[in-house]
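**Q** Numbering (this note's numbering), first residue to last: 2 to 293. Note that the Cβ used here is the ideal one computed from N, Cα and C, for glycine as well. Quick one: the structure is below, and I'll ask about it shortly.
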DNA sequence: GGTAGACCTGGACGC
DNA sequence: GCGTCCAGGTCTACC
């Protein structure tokens, strides 16, 4: 079945789809016309694949299954969240267009960051990016999904991302052994347990009115989420007050602003401080000079 | 508040 | 083939 969604005035679907590495991780995929494809498990338990295409200035969403009214509402709401359709970038663009290194992103109407349907899923993905190479992150994520996620009925080789309930049933040694996630296994297991027990309601953080600093504290209360992971997750929540400083950030900031001299995380942070509540976004979409 | 060492995996490298 | 080193963030203990 198919339905349409209205887009905001400044919106570029391929720019959102390619905003970061999530699109390389299943069950995300990019369509041939640079739209979004994803396999989702709806609250009713129905598993389907949907695609989002840009058509005549709007979005066309097509699903591999017939949907009830409730299911279509859920899918519509989820797509809006995943593509960050609600956020207004007018203020940011007016500042960014005065910075030569941000002109390209303004012209591309970039700035929206691709999200998973749930914050739980984004936290798990972020945990899998820490202290490892991207290649290994992709492998861990693939194992997690193919082993524990629900299969797509029309193609059982493809799977949805596992729910907290499904991951809570997998013990730590099994996660270590089957997904090769090492010391991250207890973090994933504990997070799933906390969400299932109701001790941690991650999804309410998506619409929380807490100040960003408080939201950061909440996120850093999750085992395995440190400064980098929290800043990354805040970006996904539409809060850009923190720069996710990782080894890549140290490298590009050194190259761009310090003539290749070694820099500290503090120096990275001070580089973008003047951008205030937009600094994470500025860092993310900065037109970095090629590193030597 | 700052720092050192441990935590894991897998790739690169030397022998 | 085996052993060693290294990259990648976070946690914990200690100062």
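(1) For residue 140, which residues of its own chain have a beta-carbon under 8 Å away from its beta-carbon, when the five flanking residues on both sides are left out?
(2) Three Cβ pairs or more, each shorter than 8 Å: is that satisfied between the stretch 114 to 128 and the stretch 179 to 195?
(3) In chain order, which beta strand (DSSP E) runs of at least 3 residues are fully inside the stretch 43 to 105?
(4) Please work out which residues of its chain come closer than 6 Å, Cβ to Cβ, to residue 152, disregarding the five sequence neighbours upstream and downstream, and give them in chain order.
(5) For residue 80, I'd like the list of residues in its chain whose CB is within less than 7 Å of its CB, leaving aside the five on either flank, ordered along the chain.
(6) Would you list the one or two residues that DSSP bridges to residue 4?
(7) Please work out which residues of its chain come closer than 8 Å, Cβ to Cβ, to residue 31, disregarding the five sequence neighbours upstream and downstream, and give them in chain order.
(8) Report the three-state DSSP secondary structure of residue 294 (helix, strand or coil).
(9) Could you tell me the alpha carbon to alpha carbon distance between residue 275 and residue 242, rounded to whole angstroms?
(10) Give the DSSP-derived three-state secondary structure of residue 27 in the structure shown.
(11) In whole angstroms, what separates the C-alpha of residue 100 from that of residue 213?
(12) Could you tell me the alpha carbon to alpha carbon distance between residue 58 and residue 85, rounded to whole angstroms?
(13) Assess, as a yes-or-no matter, whether the stretch 134 to 148 is touched by the stretch 168 to 180 under the definition of 3 or more beta carbon pairs within less than 8 Å.
(14) Residues in the same chain with beta-carbon distance under 6 Å from residue 194, minus the five sequence neighbours each way, listed in chain order, please.
(15) Out of 257, 220, 175, 150, which has the shortest C-alpha to C-alpha gap to residue 165?
(16) Where does residue 151 fall in DSSP's three states?
(17) Pull the bridge partners of residue 40 from the DSSP assignment, please.
(18) Among 249, 218, 71, which has the Cα closest to the Cα of residue 235?
(19) Going along the chain, which residues of its own chain have a beta-carbon closer than 8 Å to the beta-carbon of residue 254, five neighbours each way excluded?
(20) Quick one: what's got a C-beta closer than 6 Å to residue 106's C-beta in the same chain, skipping five residues either side?
(21) Could you compute how far the alpha carbon of residue 11 sits from the alpha carbon of residue 4?
(22) Less than 8 Å separating the beta-carbons of residue 118 and residue 48?
(23) Does the beta-carbon of residue 114 have 16 or more other beta-carbons within 10 angstroms, so that it is buried, or is it exposed?
(24) Leaving aside the five residues before and after residue 266 along the sequence, list all residues of the same chain whose C-beta is less than 6 Å from its C-beta, in chain order.
**A** To lay it out plainly:
(1) Mapped onto the first chain, residue 140 falls at position 139. Closer than 8 Å at the Cβ level, and outside the excluded window around residue 140, lie 181.
(2) yes
(3) 48 to 56, 59 to 64
(4) On the first chain, residue 152 is found 151 positions in, with the first residue counted as 1. Contacts found: 160.
(5) Taking the first chain and counting its residues from 1, the one referred to as residue 80 is at position 79. Only 6, 53, 62 meet the Cβ criterion.
(6) As a first step, residue 4 is located in the first chain; it is residue number 3 there, counting from the start. Per DSSP, 62.
(7) Mapped onto the first chain, residue 31 falls at position 30. The answer, listed in chain order, is 18, 19, 24, 37, 38.
(8) The shown model of the chain, from 2 to 293, leaves out residue 294, and the question about it has no answer.
(9) Start at 1 with the first residue of the first chain, and residue 275 comes out as number 274. Start at 1 with the first residue of the first chain, and residue 242 comes out as number 241. Answer to the nearest angstrom: the Cα atoms are 11 Å apart.
(10) On the first chain, position 26 is the one that residue 27 refers to. Here residue 27 sits in coil by DSSP.
(11) Here residue 100 refers to the residue found at position 99 when the first chain is read from its first residue. Here residue 213 refers to the residue found at position 212 when the first chain is read from its first residue. Rounded to whole angstroms, residue 100 to residue 213 spans 25 Å at the Cα level.
(12) Here the question's residue 58 lines up with position 57 in the first chain. Here the question's residue 85 lines up with position 84 in the first chain. Cα to Cα, the separation comes out at about 16 Å.
(13) yes
(14) In the first chain, residue 194 corresponds to position 193, counting from 1. Around residue 194: 169.
(15) Along the first chain, one-based indexing puts residue 165 at 164. For the residues 257, 220, 175, 150, the minimum Cα distance to residue 165 belongs to 150.
(16) Walking along the first chain from the start, residue 151 turns up at place 150. Coil.
(17) Locating residue 40 in the first chain gives position 39, counting from the first residue. Residue 40 is bridged to 50.
(18) Residue mapping note: residue 235 aligns to position 234 of the first chain, counting from 1. Looking at the Cα atoms, 218 is the closest of the given residues.
(19) The count along the first chain starts at 1 and reaches residue 254 at position 253. Correct list, in chain order: 264, 268, 269, 272.
(20) By 1-based counting over the first chain, the position of residue 106 is 105. Here the set comprises 286.
(21) Against the first chain, residue 11 aligns to sequence position 10. Against the first chain, residue 4 aligns to sequence position 3. So the two alpha carbons sit approximately 21 Å from each other.
(22) Translated into the one-based positions of the first chain, residue 118 becomes position 117. Translated into the one-based positions of the first chain, residue 48 becomes position 47. Cβ distance not < 8 Å, so residue 118 and residue 48 don't count as in contact.
(23) For the purposes of this step, residue 114 is taken as the residue at position 113 of the first chain. So residue 114 ends up on the buried side.
(24) Taking the first residue of the first chain as position 1, residue 266 is located at position 265. Cβ within range, chain order: 246.
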